[in-house]
Amino acid sequence: MPTSLTDTTTLHNGVKMPWFGLGVFKVKEGNEVVESVKSAIKNGYRSIDTAAIYQNEEGVGQGIKESGISREELFVTSKVWNSDQGYESALQAYETSLKKLDLEYLDLYLIHWPGKDKYKETWKALEKLYKDGRVRAIGVSNFKIHHLEELLKDAEIKPMVNQVEYHPHLAQRDLLAFCEKEGIQLEAWSPLKQGQLLTDPTINEMAKKHGKTAAQVILRWDLQTKVVTIPKSIKEHRIIENANIFDFELSAEDMNKLGELNKNERVGSDPDVMMNGFVD
Ligand SMILES: NC(=O)c1ccc[n+]([C@@H]2O[C@H](COP(=O)([O-])OP(=O)(O)OC[C@H]3O[C@@H](n4cnc5c(N)ncnc54)[C@H](OP(=O)(O)O)[C@@H]3O)[C@@H](O)[C@H]2O)c1
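First residue of the sequence shown? That's 2 in the numbering used here, and the numbers climb one at a time after it.
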C-alpha cells in the first residue's frame, strides 16, 4: 500500500507514476489554475492531470514553473481531444500541448475518448511519440473492455494507463480485472463523483468511525483497490484534506460495504454514447 503522496505505481514500461494527483477539469485558465497547481505542489502533490480541452494548459505550466519544484520530480499528464484524433492531427496536438505547457516532454499522454473509428490511427501517433522518446508513457481514457480488445489487436505498444470514471457508484469491476490482467494501470476520474458522493450516509458513517471525511474514505478506497486517483479542488484546505489518506486503513468489512454501493451510475458520458466525441 502507498504510504505517502509521493509513492508510485510502476507502469508496465518501468515508469513510476504517483498513486495520487491533482485534477484540473473545469479549473479556470489564469490565476485559478495557477494557484491550485502551486497549492497542490506546495502540499506535496507531484502529479497533475490536465487535457487540451480543459483550456488551462498554459496556467498549469505557469503553476509548475512558479512552484519551484524541478521538472523531473513531477508527473504531468495531458490528453488528445476528440477533434484532434487521427495520426497527423494527434502528433500536432501533442506539440500544441507541450507549447502551451511550456514543457519539453509529458510523463503521460492519453487518448481522451475512444470515439468511433479513429483511435487506432491516433494510437499509432502516440506510439511514434513514445518510440521517439518524446513522452515517458502513453495510454487511453474512457476505454471499455471492447475498445481495449480492439486496440490491442494491432497495437505495438500496450497502453500503460486507462483513465476512466471510477467511484463507489461506478466500481468498474470487470474493467479493473481486465486491466490488471493486461498490466494496464487503471486511473480514476471524478473519484468523488464531482462531489455527489460526499453526502452518502454509508460513506459518512464510515468516515466518522475513522475520524476522517467522506472524501478521504472514497480516495482511500481508490488506493486500496489499486487505482490511481486525481481529485480536483481549487481550495487549498480541500487539496490538503484529500491527500491526507495515508494514516488509516479501510477494513475488509468497510471495503465490502463500499462495494455494495455500486449501481453502475455515471456522472459523465458513457464512452459508447459519446461515439463521435462532441457531446461534451
Ligand atoms: N478523462 C476524462 O474524460 C476525465 C473526465 C472528467 C475528469 N477527469 C479528470 O479527473 C479529475 C477529477 O474529476 P472531477 O474534477 O470531474 O471531479 P471530482 O474530483 O470527483 O470532484 C471535484 C468536485 O468536488 C469538490 N471537492 C473536491 N474535494 C472536496 C472535498 N474534500 N470536500 C468537498 N468537496 C470537494 C470540488 O470543488 P472545489 O474545487 O470547489 O473544492 C469539485 O466540485 C478532473 O479534474 C480531471 O483532471 C478526466
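All residues carry an ideal CB built from backbone N, CA and C; glycine is no exception. The structure presented is a predicted model; accordingly, all values stated were derived computationally and were not measured.
Other residues of its chain near G278: CB distance less than 6 Å, five sequence neighbours each side excluded: Per-residue confidence for G278 stands at a pLDDT of 49, beneath the threshold of 50, marking its modelled position as unreliable; the derived number appears in the next sentence. Within the same chain, G278 has close Cβ partners N83, W114, G116.
S68 vs K101 beta-carbon contact at 8 Å: No, Cβ-Cβ distance for S68 and K101 is not below 8 Å.
Runs of alpha helix (DSSP H) lying entirely within the region 72-113, each at least 4 residues, in chain order: The qualifying runs are 88-102.
Per DSSP, cross-strand counterpart(s) of Q164: BP columns for Q164 point to S142, E188.
Touching by the beta-carbon criterion (3+ pairs, under 8 Å), the region 168-184 and the region 221-232: Yes, the region 168-184 touches the region 221-232.
Residue range of the unbroken beta strand (DSSP E) whose run includes P19: Note, P19: beta strand (DSSP E), 17-19.
Near ligand 1: A1 beta-carbon under 7 Å from a heavy atom: The shown model of the chain, from 2 to 281, leaves out residue 1, and the question about it has no answer.
R72 burial status per 10 Å Cβ neighbour count (16 or more: buried): Exposed, by the Cβ-count rule.
Distance CB(V233)-CB(V25) smaller than 8 Å: Residue 233 is actually Lys in this sequence, not Val. Contact: yes.
Nearest-angstrom beta carbon gap, I112 and K81 [assumed within contact, 8 Å]: The amino acid at residue 81 is misidentified as Lys; the sequence shows Val. Contact between V81 and I112 holds, with the beta-carbon distance rounding to 6 Å and staying under 8 Å.
8 Å Cβ shell around H1 - same chain, five flanking residues per side excluded: Here the chain comprises residues numbered 2 to 281, so residue 1 is not present and cannot be evaluated.
Test item: CB-CB of L75 and R47 under 8 Å: A contact, by the Cβ cut-off of 8 Å.
Boundaries of the beta strand (DSSP E) in which T214 is found, first to last residue: No beta strand (DSSP E) contains T214, which DSSP labels as neither H nor E.
Spatial distance of E166 from N14 (CA atoms): Those two C-alpha atoms are separated by around 24 Å.
Residue from G31, L104, E33, G269 whose Cα sits closest to the Cα of P192: Cα-wise, what sits closest to P192 is G269.
Sequence-distant residues of its chain with Cβ nearer than 7 Å to R267 (five each side left out): Excluding residues within five positions, the ones whose Cβ falls inside 7 Å are E166, L171.
Cβ-based neighbour list, T4, same chain, cut-off 7 Å, excluding 5 preceding and 5 following: The beta carbon of T4 sits closer than 7 Å to the beta carbons of F247 from its chain, once the five residues preceding and following it are set aside; these are given in chain order.
Beta-carbon proximity list for G62, same chain, < 7 Å, skipping 5 on both sides: Here the set comprises K101, L102, D103, L104.
Bounding residues of the beta strand (DSSP E) (the contiguous stretch that carries K11): Note that residue 11 is Thr in the sequence shown, not Lys. Where T11 is concerned, the enclosing beta strand (DSSP E) stretches over 9-11.
Opening and closing residue of the alpha helix (DSSP H) in which I240 lies: For I240, the enclosing alpha helix (DSSP H) begins and ends at 237-244.
Proximity of S79 and T51 at Cβ, strictly below 8 Å: In this structure, the beta-carbon distance from S79 to T51 falls below 8 Å.
Separation of K129 from K236, as counted between CA atoms: Spanning the two alpha carbons is a distance of roughly 38 Å.
Test item: CB-CB of N263 and P169 under 8 Å: It is a contact, given that the beta carbons lie within the stated cut-off.
Minimum Cβ-Cβ distance from R239 to chain D less than 8 Å: Checking the listed chains, one finds no chain D in this structure; it contains a single protein chain.
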